[in-house]
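Asks: Structure in structure tokens, see below.
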Amino acid sequence: MTLKISSKFELRRICQTVGATSIIRTGPPLPEECGYVESVRVEEISSQKFTIMETKDSKIATVVLRSASPNILDELERAIDNAVNVVRCTTTNPNFVAGAGATEIELAHQLQQFGATVPGLDQYAVLKFAEALEVVPKILAENCGHNHVDCTTALYAAHMKGEKHAGVDVDGGALICNAAEKEVLDHLETKRWAFRFALDAVLTVLKVDQIIMAKQAGGPKTAKQEGGRDD
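See the structure below:
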């Protein structure tokens, strides 16, 4: 069987899949340069032919996505990308926190309690930071059709009672739910980096003292010349 592959990237993927070594010399390959697959077949999916190779010990897999419109297909691709990245992150840190805005509301609640003990003008900064964390559950509430004011109030009431896993109920009839029981989780390391990048962006903006507006380059505009006329 001979496969014509025009992309070097795809050639490397196939070699990595079957455990082969790509060679540029002419002549038969050495035994240690050959790969192995259990089956090779050609299938037709949506009027397109695909060559499918199957092997047990490969670390590469191909996911075929199908959709009725390009927009939905883009959303599916982004969801698969996010899922693969989460699985990759769990290899370094297997810890998760409650999702659905539960973590942000719990942090906001604890910051409000801490801000009450901070004297001076620093208290306003702490309270504003806590208020900024409310944007995540507010957006979730608006996207699922809830009143974000009622939802945020219910979340604060639940967290004040010690229900630290209370988050926005997206697919149910209630405003809030236990995110941990519904297995709505966020990866801890991803959440930590999101907060770190947000803090870096805020600190960068606060360090800006002046903004200089630049004008367009170029000399003075020349006067328009009238077209030639015969007297």
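Numbering follows the UniProt record's numbering, with no gaps: position 2 of the sequence shown is 2. Here a beta-carbon is modelled for each residue, glycine too, at the ideal position from N, C-alpha and C. Computed from a predicted model, the values in this text were never measured in an experiment.
Please determine, among Ser46, Thr26, Cys151, the residue with the shortest C-alpha to C-alpha distance to Ala141.
Replies: Comparing Cα-Cα distances from Ala141 to each of Ser46, Thr26, Cys151, the minimum goes to Cys151.
Asks: Return helix, strand or coil for Met53, following the three-state DSSP convention.
Replies: Three-state DSSP puts Met53 in a strand.
Asks: Under 7 Å Cβ to Cβ from Leu133, same chain only, skipping five residues before and after it: list those, please.
Replies: Here the set comprises Glu104, Leu107, Ala108.
Asks: Have a look at Met1 and Pro28 and give me their C-alpha separation to the nearest angstrom.
Replies: Each residue's alpha carbon lies about 15 Å from the other.
Asks: So what does Arg41 bridge to, in DSSP terms?
Replies: Arg41 pairs with Ile52.
Asks: Looking at the secondary structure, which residues open and close the alpha helix (DSSP H) in which Asn178 lies?
Replies: Counting along the chain, Asn178 falls outside any alpha helix (DSSP H), though it belongs to the beta strand (DSSP E) covering 176-178.
Asks: Whole angstroms are fine: how far does the CA of Asn147 sit from the CA of Phe96?
Replies: When rounded, the distance between both Cα atoms is 28 Å.
Asks: CB-CB under 6 Å to Leu206, same chain, minus the five flanking residues each way: which ones, in chain order?
Replies: If we look at Leu206 and ignore the five residues flanking it on each side, it has no Cβ neighbours.
Asks: What's the C-alpha gap between Lys56 and Ser46?
Replies: Rounded to whole angstroms, Lys56 to Ser46 spans 27 Å at the Cα level.
Asks: Check Asp186 in the structure and name its three-state DSSP category.
Replies: Correct three-state label for Asp186: strand.
Asks: Out of Val126, Leu30, Ala102, which one is the CA nearest neighbour of Thr153?
Replies: Closest option to Thr153, Cα to Cα, is Ala102.
Asks: Count the C-beta pairs between the segment 113-122 and the segment 185-196 that are closer than 8 Å, then say yes if the count reaches three, no if not.
Replies: Taking 8 Å as the limit for Cβ pairs, the verdict is that the segment 185-196 does not touch the segment 113-122.
Asks: Helix, strand or coil for Gly115 per DSSP?
Replies: Residue state, collapsed to three classes: helix.
Asks: Under three-state DSSP, which class holds Val87?
Replies: The answer is helix: DSSP assigns Val87 an H, G or I state.
Asks: With distances taken from CA atoms, which of Gly99, Ala100, Lys128, Ala98 is nearest Leu111?
Replies: Considering only alpha carbons, the answer is Lys128.
Asks: Pick out whichever of Ala198, Gly145, Val149, Gln123 has its Cα sitting closest to the Cα of Gly173.
Replies: Of Ala198, Gly145, Val149, Gln123, the residue nearest in Cα terms is Gly145.
Asks: Classify Asp81 as buried or exposed, calling it buried when 16 or more other Cβ atoms lie within 10 Å of its own Cβ.
Replies: Asp81 is exposed by the Cβ-count criterion.
Asks: Taking the beta carbon of Val149 as the centre, do at least 16 other beta carbons fall within 10 Å, making it buried, or is it exposed?
Replies: Exposed.
Asks: When the Cβ atoms of the segment 65-79 are set against those of the segment 160-169, are three or more pairs found closer than 8 Å?
Replies: No: the two stretches stay apart, fewer than three of their Cβ pairs being nearer than 8 Å.
Asks: Excluding sequence positions up to five away, which residues of its chain have a Cβ less than 6 Å from the Cβ of Thr21?
Replies: Correct list, in chain order: Glu33.
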